[in-house]
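S.K.: Under this note's numbering, the first residue of the sequence shown carries the number 176, and numbering increases by one thereafter.
C-beta atoms are modelled at their ideal positions from N, C-alpha and C, and glycine is treated no differently.
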Amino acid sequence: MSRTRTERLVNLVICLLSTRRFLTAAQIALTVPGYEHDPSDPRDHEAFQRKFERDKAELRELGVPLETGTASIFDQEPGYRIAQREYALPDILLEPDEAAAVGIAARLWQHAGLAAAASSGLAKLRAAGVEVDPQATLGVEPVVTVDPSFGPLTSAARERRAVTFKYRVPEVDEPSSRRLEPWGVVCWRGRWYVVGHDRDRAATRCFRLSRIVGEVKATGRPGAFEPPVGADLISHVARSTGPIARNGRATVTVRPGRAAGLRRMATEVTPGPDGDRLTISYGDVDWLASRIAGYGPDARADGPPELRDAVIQHLKEMITRHETPAVPA
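1. State the DSSP-derived secondary structure class of G254, mapped to helix, strand or coil.
2. Mapping DSSP to helix, strand and coil, what is E316?
3. From the DSSP output, in three-state form, read off D477 for me.
4. At which residues does the beta strand (DSSP E) containing S330 begin and terminate?
5. Considering only DSSP beta bridges, list what I248 is partnered with.
6. Going by beta carbon distance, what residues of the same chain come within less than 6 Å of T445, once the five residues before and after it are set aside?
7. Under three-state DSSP, which class holds E492?
8. Return the chain-ordered list of same chain residues with a C-beta closer than 8 Å to the C-beta of A331, the five sequence neighbours on each side being excluded.
9. List the residues that DSSP assigns as beta-bridge partners of W363.
10. Would you tell me roughly how many angstroms separate the C-alpha atoms of G359 and E481, rounded to the nearest one?
11. Per DSSP, what kind of secondary structure is V207 in: helix, strand or coil?
12. Grab me the residues of G288's own chain with a C-beta within less than 6 Å of its C-beta, minus the 5 sequence neighbours each way, in chain order.
13. Hey, how far is the Cα of L237 from the Cα of S410?
14. So, is R183 buried or exposed, given that buried needs 16 or more other C-beta atoms within 10 angstroms?
15. Using a threshold of 8 Å, state whether the C-beta atoms of R483 and A474 are closer than that.
16. Going by DSSP in three states, T454 sits in which element: helix, strand or coil?
17. Locate the alpha helix (DSSP H) running through V388, then write down its first and last residues.
18. Considering only the beta carbon of each residue, do V344 and R386 sit closer than 8 Å?
19. Drop a sphere of 10 angstroms on the beta-carbon of G371, count the other beta-carbons inside from all chains shown, and report buried for 16 or more, exposed for fewer.
20. Return the residue from the list P350, T243, G423 that minimises the CA-CA distance to G389.
21. If you follow the alpha helix (DSSP H) that P217 is in, where does it begin and where does it stop?
22. For G432 versus R335, is the C-beta spacing smaller than 8 Å?
23. Give the range of the beta strand (DSSP E) segment to which G447 is assigned.
24. From the DSSP output, in three-state form, read off R466 for me.
25. If you draw a straight line from the C-alpha of F223 to the C-alpha of I248, how long is it?
Structure (structure tokens):
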């Protein structure tokens, strides 16, 4: 199944789960990304109907309880919905490490392009006067972010398409152009990297996503290359980045009983009147700052100044991402 169709099916499920009333095919076409078409164009409308019929059959084959009915006796066109009582799973007991893995996967899914489309669809439902159940889509809104190039690179790796992008290295002021056949995107030591074949250097290279400047552009046709069988992307990134020299020493104050992750990193813990004072050795100030900012009011960077500034910057970015845009009158 293609990524586009998968996204459309996921958004269709979210849409039908989010309302207790039956939605007609026309309402679904106006709401769910991927069904956009011109109803006045017979060919375009026929193509939509074929697509919608295939998707309904796919959902039923997957066991999704898709119901057909009408909201009232006056409705001439049948509608569709998913009964939450039949779709909900029983309670699943997970071990702590399993729950952590599921949480990471869910947050990553939110930032791979699905959450924005799903949220947009729900907004369209509300605008059309359809009652939306807020409990049905808990977790759709983003909580964390990945680098903007994450989506285009993972798509290109999946489609086996080459990409071009601008890349900045610390020692050089101006970013340089790169042409890459991406094999995959991996996370190493809290950073995202893309690994692939560098066409200009005719060699395997990895690039840190946070250093990619501007837009990642896919070039050429899909299926243009094949990654090496059994390529170990994590090992390549580990060899390329080398060991981190932890020459920095940070002082962080955390609330009693909180910030367990920072406590595990500490080489020294000193109790104080306003919390425990941790001493942490670090090599990448931005990486440590993102960890501290993630604990919110439970952790405070006391020094050095470069770490405090980095934490403040992370917090400002978090506020900007989660600010509610003003609604025009």
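M.R.: Here's the rundown:
1. Looking up residue 254 in the sequence shown gives position 79. G254 falls in the strand class under three-state DSSP.
2. For the purposes of this step, residue 316 is taken as residue 141 along the sequence shown, with counting starting at 1. The predicted position of E316 is uncertain, since its pLDDT is 39 and thus under 50; a value taken from the coordinates is nonetheless stated next. Correct three-state label for E316: coil.
3. Along the sequence shown, one-based indexing puts residue 477 at 302. If DSSP states are grouped into helix, strand and coil, D477 belongs with the strands.
4. Within the sequence shown, numbered from 1, the residue matching residue 330 stands at position 155. Careful: S330 lies outside any beta strand (DSSP E), inside the alpha helix (DSSP H) at 325-334.
5. Counting from 1 along the sequence shown, the entry for residue 248 is found at position 73. Bridge partners of I248: none, in fact.
6. Residue mapping note: residue 445 aligns to position 270 of the sequence shown, counting from 1. The answer, listed in chain order, is R452.
7. Along the sequence shown, one-based indexing puts residue 492 at 317. If DSSP states are grouped into helix, strand and coil, E492 belongs with the helices.
8. The sequence position of residue 331 within the sequence shown is 156, counting from 1. Answer for A331: A337, V338, P357, V391, A393, listed in chain order.
9. Taking the first residue of the sequence shown as 1, we reach residue 363 at position 188. R366.
10. Taking the first residue of the sequence shown as 1, we reach residue 359 at position 184. Taking the first residue of the sequence shown as 1, we reach residue 481 at position 306. One C-alpha to the other measures close to 33 Å.
11. Taking the sequence shown and counting its residues from 1, one reaches residue 207 at position 32. Here V207 sits in coil by DSSP.
12. Taking the first residue of the sequence shown as 1, we reach residue 288 at position 113. A caution first: G288 carries a pLDDT of 49, below 50, which makes its placement in the model too unreliable to give a value.
13. Stepping through the sequence shown from its first residue, residue 237 is reached at position 62. Stepping through the sequence shown from its first residue, residue 410 is reached at position 235. Cα to Cα, the separation comes out at about 37 Å.
14. Counting from one through the sequence shown, the residue named residue 183 turns up at place 8. By the 10 Å Cβ count, R183 comes out buried.
15. Translated into the one-based positions of the sequence shown, residue 483 becomes position 308. Translated into the one-based positions of the sequence shown, residue 474 becomes position 299. No, the pair does not count as a contact, with Cβ atoms beyond the cut-off.
16. For the purposes of this step, residue 454 is taken as residue 279 along the sequence shown, with counting starting at 1. T454 falls in the strand class under three-state DSSP.
17. For the purposes of this step, residue 388 is identified with residue 213 of the sequence shown, where counting begins at 1. Counting along the chain, V388 falls outside any alpha helix (DSSP H), though it belongs to the beta strand (DSSP E) covering 387-394.
18. In the sequence shown, counting from the first residue as 1, residue 344 sits at position 169. In the sequence shown, counting from the first residue as 1, residue 386 sits at position 211. Yes, Cβ-Cβ distance for V344 and R386 is below 8 Å.
19. Here residue 371 refers to the residue found at position 196 of the sequence shown. It counts as buried.
20. Numbered from its first residue, the sequence shown carries residue 389 at position 214. Looking at the Cα atoms, P350 is the closest of the given residues.
21. Residue 217 sits at position 42 when you count from the first residue of the sequence shown. P217 -> alpha helix (DSSP H) spans 217-236.
22. Indexing the sequence shown from 1 puts residue 432 at position 257. Indexing the sequence shown from 1 puts residue 335 at position 160. No, the pair does not count as a contact, with Cβ atoms beyond the cut-off.
23. Residue mapping note: residue 447 aligns to position 272 of the sequence shown, counting from 1. Counting along the chain, the beta strand (DSSP E) containing G447 begins and ends at 441-447.
24. By one-based count along the sequence shown, residue 466 stands at place 291. Three-state result, R466: helix.
25. For the purposes of this step, residue 223 is taken as the residue at position 48 of the sequence shown. For the purposes of this step, residue 248 is taken as the residue at position 73 of the sequence shown. C-alpha separation (whole angstroms): 26 Å.
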